[in-house]
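The C-terminal residue of the sequence shown carries number 411 in this note's numbering, and the numbering is unbroken.
Ideal Cβ placement from N, Cα and C applies to all residues, glycine included.
Report on the structure given below.
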Amino acid sequence: MQIPFEQLSADTLTAILEEYASREGTEYGEVDYSLAQKVSMLRKQLERGDVGISFDTETETCSLISLR
């Protein structure tokens, strides 16, 4: 089930993005991004509509999915 990020509280959205960024890692080759930078990049992708938040009711976990 896709969750509109606009309906989430700021704290909940930040927690989801931080958990996803931590799970994915923050090292990308020659450039090393901080957790805050990665969260900011993910937030911009949400705002542009490039990614969305998906909630799996069976595992009760959130993930980011590509929308483009």
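Open item on the list: I'd like to know whether the C-beta atoms of Tyr363 and Ser406 end up nearer to each other than 8 Å.
Closed with: Yes. Within cutoff.
TODO: Report all residues from its chain with a CB closer than 7 Å to the CB of Glu361; omit the five preceding and five following residues, and keep chain order.
DONE: Same-chain partners within the cutoff: Leu378, Val382.
Task: Residues that Phe398 bridges to, as DSSP identifies them - done: Its beta-bridge partners are Cys405.
Task: Cβ neighbours of Ile346 in the same chain (closer than 6 Å, five flanking residues each side left out) - done: So the list reads Ile396, Phe398, once near-sequence residues are dropped.
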